Amino acid sequence: MMKSNFEKIRVKMNRELEKADAHIDAEYYCFHHPSATRKEYRGNCDCRKPKPGLLLRAAKDFDLNLRESFMVGDSLVDVEAGKAVGCATFLIGPIRCEVCKLMEEKSARPDVVLSSFLEVARAIEERVT
Ligand SMILES: [Zn+2]
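First residue of the sequence shown? That's 0 in numbering that gives the first Met the number 0, and the numbers climb one at a time after it.
Here it is as structure tokens:
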């Protein structure tokens, strides 16, 4: 994803969150890819999921206990990154047979699968209250 597209998504996301009186404390992202066409993004880094580099950075910045944290994502690399650092993992999206097979192959079975971010937010609220 180009940075300009990312910036548009970021602005829209923050605008929508503001409407709901919510905010994001920090954003962590990785533009790297081993075969990126732009040289400045090319390479192997510790922040590209399934590696947990971004989670570790956030934990350091905010003094978080990752074993008491939640990793929410829409892909198995999100689950893998979360599991690597001991987070409870939530996968958003429908579960299809091929996804189940991949979960087994990658040992990336999420703790919870739900169909929307709202459902995840409610489930987390139940766990922490
Ligand atoms: Zn990276």
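C-beta atoms are modelled at their ideal positions from N, C-alpha and C, and glycine is treated no differently.
This one's a predicted model, so the numbers in the text were calculated from it and none came from an experiment.
Take residue i as the anchor and find which of the options has the nearest alpha-carbon.
i    : options              : result
E67  : I94, K38, S3, V127   : V127
S34  : K100, C44, Y27, P93  : C44
M102 : A21, K7, R47, D73    : D73
H22  : F30, R41, R9, L65    : R9
V98  : C86, E118, V76, L117 : V76
D24  : P51, Y40, A58        : A58
G92  : E124, R41, V71, F30  : V71
A87  : I94, V78, R95        : V78
D60  : I123, R41, Y27, R37  : Y27
R56  : R37, C29, C96, R95   : C29
P51  : I123, L65, R41       : L65
Let's see if you can read the secondary structure: which residues bound the alpha helix (DSSP H) around residue i?
i    : result
V119 : 116-127
V98  : 96-105
In three-state terms, what does DSSP make of residue i?
i   : result
R41 : strand
A19 : coil
V84 : coil
S5  : Sequence check: residue 5 is Phe here, not Ser. F5: helix per DSSP, three-state reduction.
Taking only beta-carbon positions, decide if residue i is within less than 7 Å of chain D.
i    : result
K100 : Although the question refers to chain D, the structure presented lacks it and comprises just one protein chain.
Task: Within the segment 43-76, ranges of the beta strand (DSSP E) (whole runs, at least 3 residues) - done: 69-72
Open item on the list: If contact is defined by three or more beta carbon pairs under 8 Å, each pair taking one atom from either stretch, is the segment 101-109 in contact with the segment 66-84?
Closed with: yes
TODO: Count the CB pairs spanning the segment 12-22 and the segment 37-53 that are closer than 8 Å, and state whether there are at least three.
DONE: no
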